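Chains as they are written, first to last, in my numbering: chain A, 1 to 188; chain B, 189 to 376.
2 protein chains.
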Amino acid sequence: MPTLSPSAFVVLGLLDRYGPMTPYGLDQRIQGSIGYFWGFPRSQLYSEAARLARFGLVTEVQEAEGRRRRLLSITDAGAAELARWLTQAPTEPAEIRDAGLLRLFFQGSSDQSVEQLAAEQEQAHRGRLAEYVQLVTDAGIPENSPQLLTLTMGMRYEELAIDFWAKIKDGRTQISTSATPACAPTTE
Amino acid sequence: MPTLSPSAFVVLGLLDRYGPMTPYGLDQRIQGSIGYFWGFPRSQLYSEAARLARFGLVTEVQEAEGRRRRLLSITDAGAAELARWLTQAPTEPAEIRDAGLLRLFFQGSSDQSVEQLAAEQEQAHRGRLAEYVQLVTDAGIPENSPQLLTLTMGMRYEELAIDFWAKIKDGRTQISTSATPACAPTTE
DNA sequence: AGACAACCGTACAGCTTGGACCATAGGAAT
DNA sequence: ATTCCTATGGTCCAAGCTGTACGGTTGTCT
């Protein structure tokens, strides 16, 4: 069995937590929760499910007629694979895939279009933060759950981004890192 | 001409800033700078260059023998396209592609493996931060340049991540967002 | 009945990814 | 000189991923 992609574990994780679902149902779950942190286009869900079925990690039962739903269920092998991933994973480095930062990087030093970019980005991040706040209040996310923690990180990131772009917009470009200079890696 | 991918603009941007280069040279530039924010596998550089050449945004001149280098140069059309992207772009939302957060999301509430995960992640982010610090001191990044700003954001993100995971590790899970609750999006 | 929205699946061209492989050039060591 | 090592530079390719468009089904409202 080849190594599974992180997306595969999104499928396994959701099936494990919420029980059998159709790919469509998975899509609903993903949008508005983990989709913010790990994008997952709908079209991939079907192929991903098929792949997982091929490896025996989920079972697929398709209705013969009508909507021809594919009901997915996680198998014992799938649950085991998930558990293994949850505890011991290779920890690929994170990557901030932010087109705004990319554009900033390629701006000329004197370009005053930087300020325009900063204003745009600040707005965008404010919007995203508002979505998160909405999620926390509306959706029934259990207190002290890992889901809430994840979302908290998302909000903190948005706050950081808002502050970052706002300072650029106002011309207060800070060179040094923030107040508390988190120290170098501990020797191990 | 189809819409270009962000990666295409990485190529255009580097050629525009540093002058003609081989794909290999681009790769060197990317690793250790913008590569942290927008991953770009080497093999894609050649196809991306070919695509840009097809659209007339760069010119490719390949040596007939020896190392058969492909020297890439940005064309006027390419520079125009770049300038257009720099000023007016559609601003796709950012996405934190962090496998660590993904794993956190799928942890069970009572799992004490959360702490182990947090410890791992904290270490990883400390390492990444150290790389950034190295870059700032070593590489000749101009003061007050957009490149330095981008890197600053990277460092601030790492500090945030370190703090986030450290708190989880120590069991101090904070529900609310950080001190200054950056306000809702301004009405527009 | 008809219109409409939500539900659910399929198809596919083009792009991306990771890794393996090969070949050249320059320098260092024997 | 010959060998070896490393950096340089390119090519290939099977998989997987992405976006988008399309086509049916079911429930609901009028």
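Cβ atoms here follow ideal geometry from the backbone N, Cα and C, with glycine treated the same way. If you're wondering where the values come from, they're calculated on a predicted model, not measured in any experiment.
Against chain A, the CB of Ile284 of chain B has a partner CB under 8 Å away; the residue lies at that interface.
Interface flag for Ile218 of chain B against chain A is unset, since no Cβ pair is found closer than 8 Å. A distance of 8 Å or more separates the beta carbons of Ile350 of chain B and Ala306 of chain B. Gln335 of chain B is classed as buried because its beta carbon has at least 16 other beta carbons within 10 Å across all chains shown. Residue pairing for Leu260 of chain B: DSSP places it in a beta bridge opposite B:Met209 and B:Glu248. For the region 37-63 of chain A, the set of residues with a beta-carbon nearer than 9 Å to any beta-carbon of chain B comprises Phe37, Trp38 and Gly39, in chain order. Two segments are said to touch when three or more pairs of C-beta atoms, one from each, lie closer than 8 Å; by this definition the region 282-302 of chain B does not touch the region 196-209 of chain B.
Residue burial annotation: Gly154 of chain A is buried, with at least 16 other C-beta atoms found within 10 angstroms of its C-beta. For the C-beta of Ala312 of chain B, the chain A residues within less than 7 Å are, from N- to C-terminus, Thr91 and Pro93. Runs of the alpha helix (DSSP H) lying entirely within the region 71-114 of chain A, each at least 4 residues long, are 76-87 and 99-105 in chain order. Pairing Thr325 of chain B with Phe225 of chain B gives a Cβ-Cβ distance that is not under 8 Å. Rounded to whole angstroms, the separation of the alpha carbons of Leu317 of chain B and Ser109 of chain A is 24 Å. Nearest in C-alpha terms to Gly359 of chain B, of all of A:Trp165, A:Ser145 and A:Arg156, is A:Ser145.
At least one beta carbon of chain B lies nearer than 8 Å to the beta carbon of Ile168 of chain A.
Burial check for Ala196 of chain B: the Cβ neighbour count within 10 Å reaches 16 or more, so the residue is buried.
Under the three-state reduction of DSSP output, Phe352 of chain B falls in the helix class. For Leu149 of chain A, the closest Cβ of chain B is nearer than 8 Å. Between Pro211 of chain B and Ala237 of chain B the beta-carbon gap is near 5 Å, inside 8 Å, which marks them as a contact. Within chain B, no C-beta atom comes less than 9 Å from the C-beta of Glu115 of chain A; the nearest is roughly 12 Å away. Gly35 of chain A sits in a helix when the DSSP states are folded into three classes. Taking a contact to require three or more Cβ pairs closer than 8 Å, the region 72-85 of chain A and the region 42-56 of chain A qualify as touching. For the C-beta of Pro330 of chain B, the chain A residues within less than 9 Å are, from N- to C-terminus, Ser109. Taken through DSSP and simplified to helix, strand or coil, Glu65 of chain A comes out as coil.
Nearest Cα to Ser33 of chain A within the set A:Gln44, A:Val10 and A:Arg51: A:Val10. Listed along chain B, no residue sits closer than 8 Å to Ser5 of chain A by beta-carbon distance, the nearest being about 10 Å off.
About 6 Å separates the Cβ atoms of Leu233 of chain B and Asp215 of chain B, confirming a contact at the 8 Å cut-off.
When only Cα atoms are considered, Ala277 of chain B and Ala99 of chain A end up about 9 Å apart.
DSSP places Ala241 of chain B in the uninterrupted alpha helix (DSSP H) bounded by Arg230 to Arg242. In chain order, Pro281 make up the part of chain B whose C-beta sits under 7 Å from the C-beta of Arg128 of chain A. At a Cβ-Cβ threshold of 8 Å, Gly39 of chain A and Glu283 of chain B count as neighbours. For the pair Leu274 of chain B and Gln107 of chain A, the CB atoms are nearer than the 8 Å cut-off. A direct Cα-Cα distance of roughly 9 Å separates Trp353 of chain B from His313 of chain B. Under a criterion of Cβ atoms nearer than 9 Å, the residues of chain B adjacent to Ile34 of chain A are, in order, Leu289, Leu290, Phe293 and Phe294.
The Cβ neighbour count for Glu347 of chain B, taken over all protein chains shown within 10 Å, is at least 16; the residue is labelled buried.
For Pro194 of chain B against Leu102 of chain A, the beta-carbon gap comes to about 6 Å, under 8 Å, which counts as contact.
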